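Numbers in this note's numbering are just positions in the sequence shown, counted from 1, shifted up by 7.
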Amino acid sequence: MRRRIVLLLTGMVFSVGMLAQQTAGNYQSGFKQEGNRFYFTNTGNKTIIEFCTPSMFRVRTSWTGSFADNEPWMVKQYNFQPVAVTAKQNTGDFLLTSSGLKIKVNKSPFRIEVYNAKNELLSADNGSYKNADTVGCIKKLGADEHFFGFGERMDFLDRRQKKLTLNVGRGTGLPHAVGAYNILEANYSPVPFFMSTKGYGIFFHNAYPTTWDMGASNAQAYSFSAGGGELDYYFMVGPTFPELLMDYTTLTGRSPLLPKFALGLHVGTYSGGTWGYEQNTSDQYVIELARKLREMGIPADLLWLDSTWRIFGKTGGKGATSFEWRETFKNPAAMFDSLYAMHYGMVGLHLRPRFDNGNKLELLDTAQKLKYTYPEGNYAGEFVNFFDSNAVNWWWQHGVLRVASIGAKFLKTDEGSAFGALANESEKTGPQGKEIAALHNVFPIAYAKGAFEKFQQYNGIRGLNHTREGYAGIQRYPFIFAGDWPSEWQYFQPVITAGLNIGVSGVGYWTHCMGGFEHQADPELYIRWVQFGMFSPLAMVFGMDHPGYKEPWNYGDDALRNFKKYDSIRYSLLPYLYSTSYEQYKTGMPMMRALVLNYQHDENVYNITDQYMLGDNLMVCPVTTKGAQTRTVYLPQGNWYNYWTGKPVAGGRYWNVVTPLDSLPLYVKAGSIIPSQPVMKYVDEKPVDAITLDVYPGPDIEFNLYEDDGKSLKYQQGEFAATKITAIGNVITINKPSGKFTPAPHSWIIKLHSNKKPAAITENGKPANWSYDELNQLVLIKVAADNRSEVNIKVN
8 MRRRIVLLLT GMVFSVGMLA QQTAGNYQSG FKQEGNRFYF TNTGNKTIIE FCTPSMFRVR
68 TSWTGSFADN EPWMVKQYNF QPVAVTAKQN TGDFLLTSSG LKIKVNKSPF RIEVYNAKNE
128 LLSADNGSYK NADTVGCIKK LGADEHFFGF GERMDFLDRR QKKLTLNVGR GTGLPHAVGA
188 YNILEANYSP VPFFMSTKGY GIFFHNAYPT TWDMGASNAQ AYSFSAGGGE LDYYFMVGPT
248 FPELLMDYTT LTGRSPLLPK FALGLHVGTY SGGTWGYEQN TSDQYVIELA RKLREMGIPA
308 DLLWLDSTWR IFGKTGGKGA TSFEWRETFK NPAAMFDSLY AMHYGMVGLH LRPRFDNGNK
368 LELLDTAQKL KYTYPEGNYA GEFVNFFDSN AVNWWWQHGV LRVASIGAKF LKTDEGSAFG
428 ALANESEKTG PQGKEIAALH NVFPIAYAKG AFEKFQQYNG IRGLNHTREG YAGIQRYPFI
488 FAGDWPSEWQ YFQPVITAGL NIGVSGVGYW THCMGGFEHQ ADPELYIRWV QFGMFSPLAM
548 VFGMDHPGYK EPWNYGDDAL RNFKKYDSIR YSLLPYLYST SYEQYKTGMP MMRALVLNYQ
608 HDENVYNITD QYMLGDNLMV CPVTTKGAQT RTVYLPQGNW YNYWTGKPVA GGRYWNVVTP
668 LDSLPLYVKA GSIIPSQPVM KYVDEKPVDA ITLDVYPGPD IEFNLYEDDG KSLKYQQGEF
728 AATKITAIGN VITINKPSGK FTPAPHSWII KLHSNKKPAA ITENGKPANW SYDELNQLVL
788 IKVAADNRSE VNIKVN
């Protein structure tokens, strides 16, 4: 008896056999090759298979006979170099073979099988289909196959046997605990892309809401479908997850480098008055906040003013932007001047994507007359039409430039999800209809793109934009935060999960509100969340709890001490973080990495959602349980070192470790070099006179220290320096910097973690200046040469 795999799709039940027979069709005629493209005419549809690289191809199927133009929001690169492909037609199939994969196209029924270069089957269709407006594909599920990706999800890491819907937004309904705060529904930045442990990835190139059944309905199949558009997906072969991320971000773009100071602390403020307390806001509050951070020795580099800097307009209330300052801000221009005089690198403002009329400006009325708002049926609409460059230019010239001209240097582009869906704070849903369903998910990208590019051009330095919502490609514009999660223990660990999922989905710059956003934080929760926050890709403190606002001095002496300690550690690790961010720019590997990215075939890591690698070398293990005296950590195969003690720890097993309140479990992979520098009140407060290299023995070690001017776009033309540092056997080598950029001179200090005191150490053949700390098992070497010379340290 023929097995039936039953899936529920758009309210109707189909079997795989039925779908394949009725909608996948059989090959009829028309096979031809044009460049990298291969064309097939089937019963009821046409399919194009296009090679992008030897290891990646695109599949497009149309049931109308025509194909849509390429869209500009999700995919950045459509044109590829010619790929050498051997095409062979057999009686029952076609074989398309490149150096990286083989595609077998069965003629009857028309189905695709994909093999890697070793001729191992990776993927096989069970059928593609179109039902009314829905298009989809069903594929066979491997017995040992697991899936990772899908964007910023807070619920699970491994998606095998899970269902999910990807559509930008947040949970809805009351009470908030099962509505807006529903971690199963949170969908601020979904990404229709996944990677399989079998060594392949699929990016479903469709902006409509998508539904994924990864074996939940049947253990032998998974499916993906969209509520409209074409069946259009990219298939890539790794086999490793880093290779797949490189392919995916080749398509959708990579995160640009941020200004170096953006790796410092970001501080958000309601200027003394959140909603309901707007009368308490003032420019003086912001100045005093910035001054207090400096006086208390808390390193910080960026500030932004959230929504209460502006008056709420006549039409849209909190959900729209009038670009008029609240009357409690007496002199905003002087406020910006004061903040920059205290050496804050950038100061930004929060806004929403709808125009509004204020007390003096009637931007909404004017924009509607000029047709720069997106129409809502017979109503001219209120949302800026960010899909229209003329509308973006007008928004900038007549709205944003009013604040940019007096000192604002970036935006927090909030509420992108309100275009065509329910906004968080109002009943406004914006435009509706079939056309909008295809634009809702990419609206946050167009919105962030407009702000990022305009400010980058205006400021004359690398751009910055801060947003909550995104979709495939949002990493280009360039960072998101986890959203408005309450300051409660139950949301802490899911926020970490969100960071891991967004990282395996190609978005590297990500952050969250340390201590949570809403509600007063338990001081212990605040302490633990700050520890995690300072070891996140970007570090941000911000909250709407009046009057605490997550400012560290408001949560007790222990919380303040903890905040200063971990903030200082972050600033000391700036050389490591900056070098890691350059690796992210070049390869797509995120700064914050779920363990599965590096340990793809270790099933122990598939569901670890409270540990991660920060860069190549640091393992971070946040404590997410109130009152925890210990926690269990898993160290993958290999050797590790305790970051705090320098003592070696065996990998390939679980450990139960003690977790005093001021201690975040941290481990360093054996065979690592961690560069650090002196702590400063803000990035580049003074020249770096020495860089310390912590060397953790293991297999042959290499680290590339990245340096550039920290602000300009010249790095994109190769104006940077890379210093290669190796530890091979008993020789540590620091090469001279290579590249077009000349770093400022600085000395080197080497801390070699070793349980044995060396007999002798030489520097470039001469006795070195060194000492041994037996208690901490640490060899301290003060290098005589600076970074303008090659250094060879031999440890005997």
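For glycine and all other residues, C-beta sits at the position ideal for the given N, C-alpha and C. Just so it is clear, the structure is predicted and the values come from calculations on it, not from any experiment.
Presumed contact (8 angstroms Cβ cut-off) between residue i and residue j, rounded CB distance
{"i": "I452", "j": "I481", "result": "6 angstroms"}
{"i": "G515", "j": "P643", "result": "Between P643 and G515 the Cβ distance is about 21 angstroms, and since that is not below 8 angstroms, they are no contact."}
{"i": "M63", "j": "F336", "result": "51 angstroms between Cβ atoms; not a contact."}
{"i": "D363", "j": "S412", "result": "No, D363 and S412 are not in contact; Cβ-Cβ is about 20 angstroms, not under 8 angstroms."}
{"i": "V664", "j": "Q636", "result": "Incorrect: roughly 10 angstroms between the Cβ atoms, too far for contact."}
{"i": "S135", "j": "G477", "result": "Contact doesn't hold; Cβ gap of about 28 angstroms is too wide."}
Classification of residue i by the beta-carbon crowding that lies within 10 angstroms, buried from 16 upward
{"i": "R795", "result": "exposed"}
{"i": "Q463", "result": "buried"}
{"i": "P89", "result": "exposed"}
{"i": "N86", "result": "exposed"}
{"i": "K758", "result": "buried"}
{"i": "P493", "result": "buried"}
{"i": "V738", "result": "exposed"}
{"i": "S262", "result": "buried"}
{"i": "F157", "result": "buried"}
{"i": "R535", "result": "buried"}
{"i": "R177", "result": "buried"}
{"i": "N133", "result": "buried"}
{"i": "Y240", "result": "buried"}
{"i": "P544", "result": "buried"}
{"i": "V185", "result": "exposed"}
{"i": "P667", "result": "exposed"}
{"i": "S683", "result": "buried"}
{"i": "F393", "result": "buried"}
{"i": "T93", "result": "exposed"}
{"i": "V802", "result": "buried"}
Closest residue to residue i among the options (Cα-Cα distance)
{"i": "E770", "options": "K572, Y136, I788 and D617", "result": "I788"}
{"i": "T172", "options": "G156, T141 and P216", "result": "P216"}
{"i": "I145", "options": "L584, F394 and A233", "result": "A233"}
{"i": "V142", "options": "D691, S203 and W70", "result": "W70"}
{"i": "P685", "options": "Y122, I576, Y379 and G678", "result": "I576"}
{"i": "I681", "options": "D239, E237, A458 and A734", "result": "A734"}
{"i": "L358", "options": "Y606, K325, N466 and T594", "result": "K325"}
{"i": "E120", "options": "N138, M687 and K147", "result": "K147"}
{"i": "I732", "options": "M521, N611 and D701", "result": "D701"}
{"i": "S95", "options": "Q40, Y136 and K83", "result": "Going by the sequence as given, residue 95 is Lys instead of Ser. Considering only alpha carbons, the answer is Q40."}
{"i": "T281", "options": "V603, R638, D609 and M551", "result": "M551"}
Close Cβ partners of residue i (< 6 angstroms) along its chain, the five nearest in sequence each way excluded
{"i": "W403", "result": "K461"}
{"i": "Q538", "result": "Y573 and L671"}
{"i": "E726", "result": "K747 and F748"}
{"i": "G149", "result": "K205"}
{"i": "Q28", "result": "With a pLDDT of only 35 at Q28, under the threshold of 50, the placement of this residue in the model should not be trusted; the figure read from the coordinates follows. Counting only Cβ-Cβ distances below 6 angstroms, and skipping sequence neighbours, we find nothing."}
{"i": "P438", "result": "Y381, E383 and G427"}
{"i": "H153", "result": "D165, R167, T204 and Y613"}
{"i": "V66", "result": "I56 and Y240"}
{"i": "G470", "result": "F459, F462 and Q463"}
{"i": "A489", "result": "V502, A505 and H519"}
Cβ neighbours of residue i in the same chain (closer than 8 angstroms, five flanking residues each side left out)
{"i": "I812", "result": "Examination of residue 812 is not possible in this model, given that the chain is present from 8 through 803 alone."}
{"i": "Q784", "result": "G653, K654, H760, S761 and N762"}
{"i": "D793", "result": "P752, H753, S754 and W755"}
{"i": "W651", "result": "S670 and L673"}
Any C-beta of chain D under 8 angstroms from that of residue i
{"i": "S62", "result": "The structure shown contains no chain D; it is built from a single protein chain."}
Close Cβ partners of residue i (< 7 angstroms) along its chain, the five nearest in sequence each way excluded
{"i": "T50", "result": "G32, N33 and Q35"}
{"i": "W6", "result": "Any property of residue 6 remains undetermined from this structure, which presents the chain solely from 8 to 803."}
{"i": "N611", "result": "Y641"}
{"i": "N605", "result": "M620"}
Complete runs of the beta strand (DSSP E) confined to the region 268-293 [at least 3 residues]
List check, beta strand (DSSP E) in window: 272-276.
Entirely enclosed beta strand (DSSP E) segments - the region 700-760, minimum 3 residues:
The qualifying runs are 708-714, 728-735, 738-741 and 754-760.
Go through the region 613-699 residue by residue and report every complete run of the beta strand (DSSP E) that reaches 3 residues or more, in order.
Fully enclosed beta strand (DSSP E) runs of 3 or longer: 619-621, 625-627, 637-642, 646-649, 655-657, 660-665, 673-676 and 679-683.
At 3 residues or longer, and completely inside the region 49-84: list those beta strand (DSSP E) runs for me, N to C.
Qualifying beta strand (DSSP E) stretches, in chain order: 52-60 and 63-69.
Enumerate, from N- to C-terminal direction, the unbroken beta strand (DSSP E) stretches of 3 or more residues contained entirely within the region 462-496.
DSSP runs (the beta strand (DSSP E)) wholly in the region 462-496: 472-474 and 486-488.
Along the chain, which unbroken stretches of the alpha helix (DSSP H) at least 4 residues long are found entirely within the region 329-357?
Along the length of the region 329-357, whole alpha helix (DSSP H) runs at least 4 residues long occupy 339-348, reported in chain order.
Can you list the beta strand (DSSP E) stretches of 3 or more residues lying completely in the region 416-441, in chain order?
Within the region 416-441, the complete beta strand (DSSP E) segments at least 3 residues long are 417-420, listed from N- to C-terminus.
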